[in-house]
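Notes follow once the structure below has been shown.
Residue numbers (this note's numbering), protein chains in the order written: chain A, 293 to 483; chain B, 293 to 483.
Right, here's the structure in full:
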């Protein structure tokens, strides 16, 4: 079971979560991911190991929760004035972040300690929310706008698939090509 | 043991691998994945636990190797006489296999115990090889044929991305739509 169901908004539960997440991030930076253990994290966070086991089950599920938190976008996508520019900038930045050493580790962690798939689903929801913002702006500008699931299939999915399974040749030019191949077919003078 | 077996390259090594893989598959069926341990697998395979640790490092890496072996296609894609039919049949079958409980578990195992990404790369290579066969047939028929990387981006990537991150609505109609959206754009009377 994921921790989410047990997390109360605010209160002690939220404080425990914050201090444990912080402890994981600090220890990862100081000692590297391989050195992490539940007792070490508990000591740094000022909680007992059993608090962590009760709440997260094991280290892998804790790392998955921390990874999803790190993958949450902290700003809205930039507004460059048209759909093609917005999607291109977003895709380039997404690929850049996800192909970094820490991005790859977070994606991997998010997937691994996630028996019910809720954390993976949350990662995907973050991307879809960002794309929704971009598409809503394009609709407001009366641009010809694809649906969010189409953008997930045509831009997000190929990038994430290649990051996980087929990483050769992943660069900004690839991200741009995916956008061009999607929007080039939709006319409205975007070429 | 015959002398022939002893001089064959990889003789003992290949036998150890086969017996350990078989032990994993049998124990998974009998007791479920959660019950597996290295000592249990070693006992069933007739090897010492240290043989397994030496060769695979840990249980997760062993499960990753077994998963990749299970994900290897054992036949060529069926030949239905034209590219659209071949790709549709292949995509439907691929999605069906990968969304099954065992398919999802194998994909997950393949990714998890794979620190250098070679097993994930092998999974992707299996799909690309199958698609290569389909595309080569289409080229021989003088059909208008996309490149293999385009098919990976447009058909394999969306299916695998959704299996891992966004599983709602994954069915045969989705697989067919991906093929139609790819080939519908390429003319040659395929509609």
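Glycine is no exception: its CB is placed at the ideal position from the N, C-alpha and C atoms. Computed from a predicted model, the values in this text were never measured in an experiment.
- Within the same chain, 387, 391, 451, 454 and 455 come within 8 Å of residue 462 of chain B by CB-CB distance, once the 5 residues on both sides are set aside.
- Taken in chain order, the members of the segment 450-471 of chain A whose beta-carbon sits within less than 8 Å of a beta-carbon on chain B are 450, 452, 453, 454, 456, 457, 458, 459 and 470.
- Here the segment 366-377 of chain A does not lie against the segment 332-342 of chain A, with fewer than 3 beta-carbon pairs under 8 Å apart.
- Three or more pairs of CB atoms, one per stretch, sit closer than 8 Å, so the segment 350-360 of chain B contacts the segment 394-412 of chain B.
- For the segment 399-457 of chain A, there is no continuous beta strand (DSSP E) assignment of 3+ residues that stays within its boundaries.
- By the CB criterion at 8 Å, residue 440 of chain B and residue 412 of chain B fall outside the cutoff.
- If you ignore the 5 residues before and after residue 316 of chain B, its C-beta comes within less than 6 Å of the C-beta of 333 and 358, all in its own chain and listed in chain order.
- Identification of residues in the segment 387-414 of chain A having a C-beta nearer than 8 Å to some C-beta of chain B yields 400, 403, 404, 409, 412 and 413, given in sequence order.
- When secondary structure is reduced to three states using DSSP, residue 339 of chain B falls in the coil class, being assigned neither helix nor strand.
- Residue A:446 holds the alpha-carbon nearest to the alpha-carbon of residue 474 of chain A among A:446, A:457, A:458 and A:314.
- From the listed residues A:369, A:396, A:449 and A:467, the smallest Cα separation to residue 427 of chain A is found for A:369.
- Ranked by Cα distance from residue 389 of chain B, the first of B:362, B:423, B:320 and B:324 is B:362.
- The beta carbon of residue 374 of chain A sits no closer than 8 Å to any beta carbon of chain B.
- In the three-state reduction of the DSSP assignment, residue 349 of chain A falls in the coil class, being assigned neither a helical nor a strand state.
- At a C-beta separation below 8 Å, residue 448 of chain A has these neighbours in chain B: 453.
- The alpha-carbon separation between residue 410 of chain A and residue 360 of chain A amounts to approximately 10 Å.
- A direct Cα-Cα distance of roughly 42 Å separates residue 437 of chain A from residue 311 of chain A.
- The beta carbon of residue 445 of chain A falls within 8 Å of a beta carbon belonging to chain B, placing the residue at that interface.
- In the displayed model, residue 372 of chain A falls within coil according to three-state DSSP, outside both helix and strand.
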